[in-house]
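Enquirer:
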Amino acid sequence: MPKLTLATLVAVALSLPTLASAALISASYTVHHNSSDPGLVVDARDIADNPFTFDLAAGESKHFSLFKIWTDESAINSDDREAKNISVDFAFTSPEPLAGTVYGETDGFKGGLWGSYQAGILTWGDPLNLAFGDGGLMRITLYDAMFNEGYLWGTADGWKHGAKVKGKIELIADAAEVPEPGTLALLGLGLLGMGVRARRRAA
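Taking the numbering used here, the leading residue of the sequence shown gets 8, the next gets one more, and so forth.
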């Protein structure tokens with residue numbers, strides 16, 4: 008029977024699967040938007056739970072509607088076509104305290120024959136990447152939207168004609184995982200066996 012060396016036992020233990028449990032994702036969010044002229048005056052209302060909580064494993068993602076955006080302006084005028092900042096602040100309590108912001112812009116659009124098509128436009132910048140723990144990485148992406156689309160005489164103004172702003176949270180990589188209890192037990196038994204063998208040789 009081949010003899011097991013310490014190096015062999017360590018190699019076997021390290022090659023066994025690690026515990027791939029889901030990570031708890033929990034965060035609150037705050038939307039900041041343009042609420043006065045000049046620029047398109049918009050409003051927003053949360054759709055997702057605030058704070059929200061769900062589980063993700065490394066490599067998984069979750070899509071959801073974060074908030075609704077709309078304008079009560081009945082037409083897109085020249086001052087409404089000036090781009091204004093919009094942002095969403097995220098404050099995570101799990102997988103650990105983390106904070107960051109996704110930035111974008113809102114403005115009014117008027118086009119088509121004689122300006123017959125009018126709408127609000129929401130455009131986001133780069134996704135938010137948040138590093139945590141030992142090698143963990145989470146990415147938050149928000150998607151562009153058009154809202155209060157109208158024709159001929161102006162926008163279809165009001166909350167009911169607004170758009171749901173959708174997002175995605177990805178757990179690109181979890182923090183360094185802990186070996187399963189079975190793996191640790193095997194390694195411990197191997198080390199114990201090597202110790203007993205060494206004592207017998209010494210005797």
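Each residue gets a CB set at the ideal place from its N, CA and C atoms; glycine is no exception.
Can you confirm whether ALA90, when its beta carbon is compared against all beta carbons of chain C, has any partner nearer than 8 Å?
Expert: Here chain C cannot be found, since the structure has a single protein chain.
Enquirer: Look up TRP77 in the DSSP assignment and say whether it is helix, strand or coil.
Expert: One-based indexing of the sequence shown puts residue 77 at position 70. In the structure shown, TRP77 sits in a strand (DSSP, three-state: E or B).
Enquirer: Mind checking LYS167: buried by the 16 CB within 10 Å criterion, or exposed?
Expert: Looking up residue 167 in the sequence shown gives position 160. LYS167 comes out exposed.
Enquirer: Where does the unbroken beta strand (DSSP E) through THR162 begin, and where does it stop?
Expert: Counting from 1 along the sequence shown, the entry for residue 162 is found at position 155. Here THR162 belongs to no beta strand (DSSP E), and DSSP marks it neither H nor E.
Enquirer: Looking at the structure shown, is HIS40 part of a helix, part of a strand, or coil, going by DSSP?
Expert: Counted from its first residue, the sequence shown places residue 40 at position 33. Three-state DSSP puts HIS40 in coil, outside helix and strand.
Enquirer: Given that a residue counts as buried once 16 or more other Cβ atoms are within 10 Å of its Cβ, and exposed if not, what is PRO45?
Expert: In the sequence shown, counting from the first residue as 1, residue 45 sits at position 38. Flag for PRO45 reads exposed.
Enquirer: So, PHE154 versus LEU137, is the Cβ gap smaller than 8 Å?
Expert: Walking along the sequence shown from the start, residue 154 turns up at place 147. Walking along the sequence shown from the start, residue 137 turns up at place 130. Their beta carbons are not under 8 Å apart, which means PHE154 does not touch LEU137 by this criterion.
Enquirer: Looking at the secondary structure, which residues open and close the beta strand (DSSP E) in which ASN136 lies?
Expert: Residue numbering aside, residue 136 sits at position 129 when the sequence shown is read from its first letter. Looking at the DSSP string, the run of the beta strand (DSSP E) that includes ASN136 is 135 to 139.
Enquirer: Quick one: is HIS40 buried, meaning 16 or more other Cβ sit within 10 Å of its Cβ, or exposed?
Expert: Residue 40 sits at position 33 when you count from the first residue of the sequence shown. Classification of HIS40: buried, given that the 10 Å Cβ count is 16 or more.
Enquirer: Tell me TYR110's beta-bridge partners as DSSP assigns them.
Expert: What you label residue 110 is simply residue 103 of the sequence shown in a count that begins at 1. Beta-bridge pairing links TYR110 to SER94.
Enquirer: When burial is assigned at 16 or more other CB atoms within 10 Å of the CB, is GLY174 buried or exposed?
Expert: Looking up residue 174 in the sequence shown gives position 167. Flag for GLY174 reads buried.
Enquirer: In chain order, what residues of the same chain have a beta carbon less than 6 Å from the beta carbon of TYR110, not counting five sequence neighbours either side?
Expert: Reading the sequence shown from its first residue, position 103 is the one you call residue 110. Same-chain partners within the cutoff: SER94 and GLY132.
Enquirer: Go through its chain and collect everything with a Cβ distance to MET145's Cβ below 6 Å, but skip five positions before and after it.
Expert: Along the sequence shown, one-based indexing puts residue 145 at 138. Same-chain partners within the cutoff: LEU137 and LEU178.
Enquirer: Going by the CB atoms, is the gap between ILE83 and GLY169 shorter than 8 Å?
Expert: For the purposes of this step, residue 169 is taken as the residue at position 162 of the sequence shown. For the purposes of this step, residue 83 is taken as the residue at position 76 of the sequence shown. Cβ atoms of GLY169 and ILE83: not closer than 8 Å.
Enquirer: For SER35 versus ILE54, is the C-beta distance shorter than 8 Å?
Expert: Counting from one through the sequence shown, the residue named residue 35 turns up at place 28. Counting from one through the sequence shown, the residue named residue 54 turns up at place 47. Going by C-beta atoms, SER35 is not nearer than 8 Å to ILE54.
Enquirer: So who's on the other strand from SER35, going by DSSP bridges?
Expert: Within the sequence shown, the letter at position 28 stands for residue 35. Note: SER35 sits in a beta bridge opposite ALA98.
Enquirer: Assign ALA152 to buried or exposed, taking buried as 16 or more other Cβ atoms, counted over all protein chains shown, within 10 Å of its Cβ.
Expert: If you number the sequence shown from 1, residue 152 lands on position 145. Burial call: buried.
Enquirer: Under 6 Å Cβ to Cβ from TYR150, same chain only, skipping five residues before and after it: list those, please.
Expert: In the sequence shown, residue 150 corresponds to position 143, counting from 1. Listed in chain order, the non-local C-beta contacts of TYR150 below 6 Å within the same chain comprise LYS173, local neighbours out to five positions each way being set aside.
Enquirer: Find the nearest neighbour of LEU135 within the set TYR124, ASP141, LYS117 and PHE99, judged by alpha-carbon distance.
Expert: For the purposes of this step, residue 135 is taken as residue 128 along the sequence shown, with counting starting at 1. Nearest C-alpha to LEU135: PHE99.
Enquirer: Can you tell which of LEU159, SER42 and ARG52 has its C-alpha closest to the C-alpha of LYS171?
Expert: On the sequence shown, position 164 is the one that residue 171 refers to. The option with the nearest alpha carbon to LYS171 is ARG52.
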